[in-house]
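Student: Residue numbers (our numbering): 48 to 393. All C-beta atoms, glycine included, are put in the ideal place defined by N, C-alpha and C.
Right, dumping it as structure tokens:
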């Protein structure tokens, strides 16, 4: 084993006698060659070798493992990624049968930092043949494409949102269409807008969008029924993400209120204007959901864009009403003037 940075050193110093590979000096030439290849590569790569597919990887692959690094070194491949093993097994089986696989932007739900997260990867699985022509293991070269996938999704989302807002006939329709675009893209049960009443104690919801799995929550709601700590965060202008109301201490006093509206996960984006909490965009889901940074970005974009549209429509409506009132008063003044003209009376 030559060079290879931090992982090269870890592999050299690892006690392989406790694995199916045995002491490093007794590894077959094919494994030595493959190991030297990956640790000296600038591409994220790993090897799974032997009967239990013992796992070796390089420095560039370590960030993909998250909290699993460095403990993943020397484990059977299945133990490294148990939550996605069913997704990967057909590809592993093909590689061990001597067939290569190429996957582009494959979606995998991984747990690498304590929570489940959506990820996407482009990668290849290829067999490694030993000196007798048998498949001794497999090698993977990969790159995470999660950010690129999200960027493409965000671009499409913006176009869809633009179209929804452009075709809306009034503020309520604009909010309804934007809520549907957001709900369908994030695959949640309910999305809506609530305006805070002048007292600051209630949120008023005229209507919302649902996917049919939950009902509407239109009406008046006392905000602190859902837990004072979370309402305090919204009043402070902070986005609130609750992955599971049954496990979040901030919602302790509001569990019954969330249960009554069939909500297990909630994301709320406050609208603060002139140092006051004026409104919010909320997303509800009937099951637990790990809200990602991208989910929050989508929701913030919808609230800001929609509220601009709504406020502009309201201003335009007030201007129209004012113009109509001025035209009416002007016409009325002309009628009175004519009625008071002696020449007109005669």
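1) Just list the beta strand (DSSP E) runs in the segment 237 to 322, keeping only unbroken ones of 3 residues or longer that don't cross its boundaries, in chain order.
2) Quickly, what does DSSP pair residue 169 with across the bridge? List them, please.
3) Less than 7 Å separating the beta-carbons of residue 157 and residue 169?
4) Check whether the segment 131 to 149 and the segment 108 to 123 touch, using three or more Cβ-Cβ pairs below 8 Å as the test.
5) By how many angstroms is the C-alpha of residue 163 removed from the C-alpha of residue 326?
6) Within the present structure, is the beta-carbon of residue 260 separated from the nearest heavy atom of the ligand FAD by less than 6 Å?
7) Opposite residue 94 in the DSSP bridges: which residues?
8) Please classify residue 181 as buried or exposed, where buried requires at least 16 other C-beta atoms within 10 Å of its C-beta.
9) Residue 151: which of 177, 116 and 193 sits nearest, CA to CA?
10) Run the CB neighbour count on residue 100, radius 10 Å, all protein chains shown included, and call it buried at 16 or more, exposed below.
11) Please return the same chain residues whose Cβ sits closer than 6 Å to the Cβ of residue 75, not counting the five positions on each side in sequence.
12) Distance check for residue 229 and residue 279, CA to CA, integer angstroms please.
13) Cβ atoms of residue 324 and residue 264: under 7 Å apart, would you say?
14) Report the CB separation of residue 77 from residue 145 in whole angstroms; it is logged as a contact under 8 Å.
15) I'd like to know if the segment 327 to 343 and the segment 297 to 317 are in contact, where contact means that at least 3 CB-CB pairs between them fall below 8 Å.
16) Please report the Cβ distance between residue 224 and residue 211, rounded to the nearest whole angstrom; I am assuming they are in contact, meaning their Cβ atoms lie under 8 Å.
17) In angstroms, rounded to a whole number, what distance separates the CA positions of residue 98 and residue 306?
Tutor: According to the structure data:
1) Fully enclosed beta strand (DSSP E) runs of 3 or longer: 237 to 243, 249 to 252, 255 to 257, 266 to 269, 287 to 289 and 312 to 320.
2) Mapped onto the chain shown, residue 169 falls at position 122. Looking at the DSSP assignment, residue 169 forms a beta bridge with 190.
3) Here the question's residue 157 lines up with position 110 in the chain shown. Here the question's residue 169 lines up with position 122 in the chain shown. With a cutoff of 7 Å on beta-carbon distance, residue 157 and residue 169 are scored as not near each other.
4) Remark: fewer than three beta-carbon pairs, one from each stretch, lie closer than 8 Å, so the segment 131 to 149 and the segment 108 to 123 are not flagged as touching.
5) Taking the first residue of the chain shown as position 1, residue 326 is located at position 279. Taking the first residue of the chain shown as position 1, residue 163 is located at position 116. The alpha-carbon atoms of residue 326 and residue 163 are separated by roughly 30 Å.
6) No copy of the ligand FAD appears in this structure; indeed no ligand is present at all.
7) On the chain shown, residue 94 is found 47 positions in, with the first residue counted as 1. Beta-bridge partners assigned by DSSP to residue 94: 103 and 186.
8) Along the chain shown, read from residue 1 onward, the residue named residue 181 stands at position 134. Its Cβ having fewer than 16 others within 10 Å, residue 181 is exposed.
9) Looking up residue 151 in the chain shown gives position 104. For the residues 177, 116 and 193, the minimum Cα distance to residue 151 belongs to 193.
10) For the purposes of this step, residue 100 is taken as residue 53 along the chain shown, with counting starting at 1. So residue 100 ends up on the buried side.
11) Taking the first residue of the chain shown as position 1, residue 75 is located at position 28. Result list for residue 75: 177, in chain order.
12) Position 232 of the chain shown, counted from the start, is the residue given in the question as residue 279. Position 182 of the chain shown, counted from the start, is the residue given in the question as residue 229. Straight across, the Cα-Cα distance linking residue 279 with residue 229 is about 25 Å.
13) Working through the chain shown from its first residue, we reach residue 264 at position 217. Working through the chain shown from its first residue, we reach residue 324 at position 277. Not in contact: residue 264 and residue 324 (Cβ atoms no closer than 7 Å).
14) As a first step, residue 77 must be located in the chain shown, where it is residue number 30. As a first step, residue 145 must be located in the chain shown, where it is residue number 98. Distance from residue 77 to residue 145 at the Cβ level is roughly 14 Å; contact not present, criterion being Cβ atoms closer than 8 Å.
15) Flag = yes, the segment 327 to 343 and the segment 297 to 317 touch.
16) Locating residue 224 in the chain shown gives position 177, counting from the first residue. Locating residue 211 in the chain shown gives position 164, counting from the first residue. Right, the Cβ-Cβ distance comes to about 4 Å (below 8 Å), so this counts as a contact.
17) Along the chain shown, read from residue 1 onward, the residue named residue 98 stands at position 51. Along the chain shown, read from residue 1 onward, the residue named residue 306 stands at position 259. So the two alpha carbons sit approximately 49 Å from each other.
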